[in-house]
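*Asks:*
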Amino acid sequence: SQQGEEDPQALSIQEGENATMNCSYKTSINNLQWYRQNSGRGLVHLILIRSNEREKHSGRLRVTLDTSKKSSSLLITASRAADTASYFCATVFRTGFQKLVFGTGTRLLVSP
Amino acid sequence: EAEVAQSPRYKITEKSQAVAFWCDPISGHATLYWYRQILGQGPELLVQFQDESVVDDSQLPKDRFSAERLKGVDSTLKIQPAELGDSAMYLCASSVRLAGGEETQYFGPGTRLLVL
Chain A
1 SQQGEEDPQA LSIQEGENAT MNCSYKTSIN NLQWYRQNSG RGLVHLILIR
51 SNEREKHSGR LRVTLDTSKK SSSLLITASR AADTASYFCA TVFRTGFQKL
101 VFGTGTRLLV SP
Chain B
1001 EAEVAQSPRY KITEKSQAVA FWCDPISGHA TLYWYRQILG QGPELLVQFQ
1051 DESVVDDSQL PKDRFSAERL KGVDSTLKIQ PAELGDSAMY LCASSVRLAG
1101 GEETQYFGPG TRLLVL
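The listed protein sequences derive, respectively, from chains A and B.
Numbered according to our numbering, the first sequence spans residues 1 to 112.
Numbered according to our numbering, the second sequence spans residues 1001 to 1116.
Right under this line is the structure:
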């Protein structure tokens, strides 16, 4: 079963605008990761945020984590057409043999 | 840059037939995962290997699915017999442990299965 849910399910913006997608999850986690999936392809890891971190940046990506609300957000600034993809959050809730539990995904469309 | 290899990329089969997927992880990655992704949903873990040992197959439908990683390198996922509901993307991933103990996963391109 899916651990997390992304919101919105779909997002359509123009190039240059910012895109924000949210993820909510159900149980305590060790870390949360965001992945991107281009249509019909495998997933690509974007960024990891640990449970004791509140914000992390990587290039045009900004991720926040609020463990009290069991939620995370991914912000893509100055979006490009090449950012068009599905974005998934994935939670890790155990140590040792770590298991990713993916959310339902947000489909982002960036129009030129 | 090293990549996870999967074959075939596409597979069409009839229900009740057997089908097999192959995965070659990134060299040196001890952990290997098989996921199933239904259209419009996130991937769901079917089985996780550490070297040649299964560490999690709680979501694997064992009456029809099997997975092996005999030498702790490449892996095969088999479905026999295939059912209409098995139509999905089957993704393989391998992982490396970061300095902080976390793992990030590297995914292959997937095998898209259509059962008729």
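Heads up, the beta-carbon is just placed ideally off N, CA and C, and yes, glycines get one too.
#1: Figure out for me which residue from A:G105, A:S28, A:E17 has the closest Cα to the Cα of L65 of chain A.
#2: Check the Cβ of T1104 of chain B against every Cβ in chain A and list those closer than 7 Å, keeping chain order.
#3: Which residues does DSSP list as the beta-bridge partners of I1079 of chain B?
#4: List the residues of chain A that F1107 of chain B touches, going by C-beta distances under 9 Å, in chain order.
#5: Taking just the CA atoms, how far does S68 of chain A sit from F1107 of chain B?
#6: Contact criterion: CB-CB distance below 8 Å. Does G105 of chain A meet it with respect to chain B?
#7: Please confirm whether any heavy atom of the ligand NAD lies closer than 7 Å to the CB of S51 of chain A.
#8: Between F88 of chain A and chain B, is any beta-carbon pair separated by less than 8 Å?
#9: Closest Cβ-Cβ distance between L1039 of chain B and chain A: below 8 Å?
#10: For a test of the three-state rule: what should DSSP assign to D1056 of chain B, helix, strand or coil?
#11: Closer than 7 Å by C-beta to R80 of chain A: which residues in its own chain qualify, once you throw out the five before and the five after it? Chain order, please.
#12: So F102 of chain A contacts chain B; which residues on that side make the cut at Cβ distance below 9 Å?
#13: Output the boundary residues of the beta strand (DSSP E) element that contains K1011 of chain B.
#14: Exposed or buried, what is E17 of chain A when buried is set at 16 or more other beta-carbons lying within 10 Å of its beta-carbon?
#15: As a quick exercise: from A:K26, A:C23, A:R54, A:N30, pick the residue whose alpha carbon is nearest that of G1100 of chain B.
*Replies:* On the basis of the coordinates in this document:
#1: Working through the first sequence from its first residue, we reach residue 65 of chain A at position 65. That would be A:S28, whose Cα lies nearest to the Cα of L65 of chain A.
#2: As a working note, residue 1104 of chain B is residue 104 in the second sequence. Taking the beta carbon of T1104 of chain B as reference, the chain A residues within 7 Å of it are Q33, H45, L48, listed in sequence order.
#3: Taking the second sequence and counting its residues from 1, one reaches residue 1079 of chain B at position 79. Looking at the DSSP assignment, I1079 of chain B forms a beta bridge with B:V1019, B:F1065.
#4: Residue mapping note: residue 1107 of chain B aligns to position 107 of the second sequence, counting from 1. Those within 9 Å of F1107 of chain B in chain A are Y35, Q37, R41, G42, L43, V44, H45.
#5: Residue 1107 of chain B sits at position 107 when you count from the first residue of the second sequence. Residue 68 of chain A sits at position 68 when you count from the first residue of the first sequence. Cα to Cα, F1107 of chain B sits roughly 31 Å from S68 of chain A.
#6: To locate residue 105 of chain A, count along the first sequence from 1; it is residue 105. It does: the Cβ of G105 of chain A has a partner Cβ on chain B nearer than 8 Å.
#7: Only the bare structure without any ligand can be found here, which leaves the ligand NAD out of the picture.
#8: By one-based count along the first sequence, residue 88 of chain A stands at place 88. Flagged as an interface residue toward chain B: F88 of chain A, by a C-beta distance shorter than 8 Å.
#9: In the second sequence, the residue the question calls residue 1039 of chain B occupies position 39. Using beta-carbon distances, L1039 of chain B does not count as an interface residue toward chain A, since no partner is under 8 Å.
#10: As a working note, residue 1056 of chain B is residue 56 in the second sequence. The answer is strand: DSSP assigns D1056 of chain B an E or B state.
#11: To locate residue 80 of chain A, count along the first sequence from 1; it is residue 80. E15, V110, listed in sequence order.
#12: Here the question's residue 102 of chain A lines up with position 102 in the first sequence. The contacting residues are Y1035, Q1037, Q1041, G1042, P1043, E1044, L1045.
#13: Looking up residue 1011 of chain B in the second sequence gives position 11. Run containing K1011 of chain B: 1010-1013, per the beta strand (DSSP E) assignment.
#14: As a working note, residue 17 of chain A is residue 17 in the first sequence. Exposed, because fewer than 16 other Cβ atoms sit within 10 Å of the Cβ of E17 of chain A.
#15: By 1-based counting over the second sequence, the position of residue 1100 of chain B is 100. When each option's Cα is compared against that of G1100 of chain B, the closest is A:N30.
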